[in-house]
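Undergrad: Below are the structure tokens for one structure; questions will follow.
Residue numbers (UniProt numbering): 1 to 327.
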């Protein structure tokens with residue numbers, strides 16, 4: 001069979017070539033571009049806990065399941081885990097799950113891989129002394145569209161994402177706006193130290209955590225698990241969910257450069273060396289470049305990383321204790 005000389009290979013290679021670093025751009029310019037690329041969403045309206053749907057004593061922590069009402073984003077469920085320690089105030093952390101139909105339940109140990117991906121990282125965080133807030137991310141779990149639930153689809157990312165793109169917005173932008181709205185609720189919690197708020201995200205949840213940290217300075221530190229990479233080595237190398245693709249982001253910088261915008265706030269990467277979704281080579285590039293950037297700040301002490309013996313999954317073995325010390 002003759003070679004296909006009409007394949008647009010050269011054109012595609014040009015498209016995926018990393019942009020040249022533009023160090024003449026100020027951080028504030030890049031942050032503004034990210035905000036614009038994600039799309040315009042409100043996040044400053046009233047937000048309250050409407051009702052507590054369940055409450056249970058889990059031994060060393062209390063678990064509440066609540067309904068949150070946001071003026072900008074409607075109603076959504078959230079778990080709140082509070083340590084049973086004699087403290088007036090606790091550091092807080094927002095825990096963001098990855099893809100899957102179980103949504104926030106996965107953070108508590110229920111997912112399609114029998115807990116072998118998220119590893120109950122919400123429980124691990126509350127046991128470190130954090131008050132943990134686990135929102136259901138739009139498009140997953142109980143926040144899927146009714147049609148996707150009836151059809152057994154793992155998410156509503158495709159339908160929501162394409163509809164938003166036609167409006168000049170993105171699903172990632174919607175999710176980041178919801179986190180920024182939630183931040184205001186957390187800051188007003190009487191038992192939360194509002195100067196010690198962190199964020200932990202896994203996979204798609206780490207994307208939301210990263211972009212939320214870039215835009216919201218109220219977040220003092222974060223852990224990105226199963227996400228640090230380069231665009232070429234991850235979402236341009238294999239098929240990923242539509243929520244990963246943000247217009248214009250690859251014009252200005254590669255993913256490691258975007259993540260550098262979080263500096264000098266504490267930032268930790270954890271990456272499984274057998275991860276096939278965000279592969280090792282690209283993860284190591286991100287680690288190397290971001291680590292080098294953080295050397296400007298207190299000799300790099302605000303950046304940490306763990307390449308653990310695992311796949312596309314949460315570890316938390318080193319990162320959560322690091323976050324407890326740094327936030």
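Beta carbons are placed, not taken as given, at the ideal position from N, Cα and C, and that holds for glycine.
Just to check my reading of the structure: residue 104 and residue 83 have Cβ atoms closer than 8 angstroms, yes? What is that Cβ distance to the nearest angstrom?
TA: About 19 angstroms; that fails the 8 angstroms criterion.
Undergrad: Under 8 angstroms between the Cβ atoms of residue 198 and residue 233?
TA: No, Cβ-Cβ distance for residue 198 and residue 233 is not below 8 angstroms.
Undergrad: Given a cut-off of 8 angstroms, decide if residue 70 and residue 223 are closer than it, judged by their beta-carbon atoms.
TA: No, the Cβ-Cβ distance between residue 223 and residue 70 is not below 8 angstroms.
Undergrad: Can you tell me which of the three DSSP states residue 114 falls into?
TA: Low confidence applies here, because residue 114 scores a pLDDT of 46, under 50, leaving its location unreliable; read the following figure in that light. Looking at residue 114 - three-state DSSP - the assignment turns out to be coil, as it is neither helix nor strand.
Undergrad: Taking 7 angstroms as the limit between beta carbons, can you name the residues of its chain near residue 89, skipping five residues before and five after?
TA: Here the set comprises 191, 192, 193.
Undergrad: Where residue 305 and residue 260 are concerned, what is the direct C-alpha to C-alpha distance, given to the nearest angstrom?
TA: If you take the alpha carbons of residue 305 and residue 260, they lie about 14 angstroms apart.
Undergrad: Contact check, residue 95 vs residue 200 under 8 angstroms by CB: the rounded distance?
TA: About 5 angstroms; that satisfies the 8 angstroms criterion.
Undergrad: Tell me which residues share the same chain as residue 245 and place their Cβ nearer than 7 angstroms to its Cβ, disregarding the 5 neighbours each side in the sequence.
TA: Here the set comprises 235.
Undergrad: Between residue 276 and the rest of its own chain, which residues show a CB-CB distance below 8 angstroms, the 5 nearest in sequence each way excluded?
TA: So the list reads 311, 312, once near-sequence residues are dropped.
Undergrad: Mind pulling the beta strand (DSSP E) runs of 3 or more residues that sit fully within the region 5-86?
TA: Entirely contained in the region 5-86, the beta strand (DSSP E) runs reaching 3 residues are, in chain order, 47-57, 61-70, 74-83.
Undergrad: Can you list, in chain order, the stretches of the alpha helix (DSSP H) that have 4 or more residues and sit fully within the region 210-289?
TA: Correct list: 249-252, 255-260.
Undergrad: Note down the Cα distance separating residue 289 from residue 283, rounded to an integer number of angstroms.
TA: The alpha-carbon atoms of residue 289 and residue 283 are separated by roughly 10 angstroms.
Undergrad: Mind checking residue 325: buried by the 16 CB within 10 Å criterion, or exposed?
TA: Residue 325 is exposed by the Cβ-count criterion.
Undergrad: What whole-angstrom Cβ distance do residue 265 and residue 308 have, given they're in contact under 8 angstroms?
TA: Wrong, their Cβ atoms sit about 23 angstroms apart, outside the cutoff.
Undergrad: What residues in its chain sit with their C-beta under 7 angstroms from that of residue 348, if we drop five residues either side in the sequence?
TA: The requested residue 348 does not occur in the structure, where the chain is confined to residues 1 to 327.
Undergrad: Specify the secondary structure class of residue 137 as computed by DSSP and reduced to three states.
TA: Three-state DSSP puts residue 137 in coil, outside helix and strand.
Undergrad: Just checking, does the region 5-18 make contact with the region 34-49 on the three C-beta pairs under 8 angstroms criterion?
TA: Not touching, per the Cβ criterion.
Undergrad: Give the list of continuous alpha helix (DSSP H) stretches no shorter than 4 residues that lie fully inside the region 85-111.
TA: You should have found no qualifying run.
Undergrad: Can you tell which of 49, 165, 34, 151 has the C-alpha that lies nearest to the C-alpha of residue 208?
TA: Answer by Cα proximity: 34.
Undergrad: Check whether the Cβ atoms of residue 61 and residue 81 lie closer than 8 angstroms to each other.
TA: Their beta carbons are under 8 angstroms apart, which means residue 61 touches residue 81 by this criterion.
Undergrad: Would you mind stating whether residue 68 and residue 78 have Cβ atoms separated by less than 8 angstroms?
TA: For residue 68 and residue 78, yes; Cβs fall inside 8 angstroms.
Undergrad: Rounded to the nearest angstrom, how far is the Cβ of residue 154 from that of residue 101, given a contact under 8 angstroms?
TA: At roughly 5 angstroms, the Cβ-Cβ gap stays under 8 angstroms, so residue 154 and residue 101 are in contact.
Undergrad: Kindly indicate which three-state DSSP category residue 320 falls into: helix, strand or coil?
TA: Three-state result, residue 320: helix.
Undergrad: Expressed to the nearest angstrom, what Euclidean distance is found between the alpha-carbon atoms of residue 123 and residue 5?
TA: Going from the Cα of residue 123 to the Cα of residue 5 covers about 55 angstroms.
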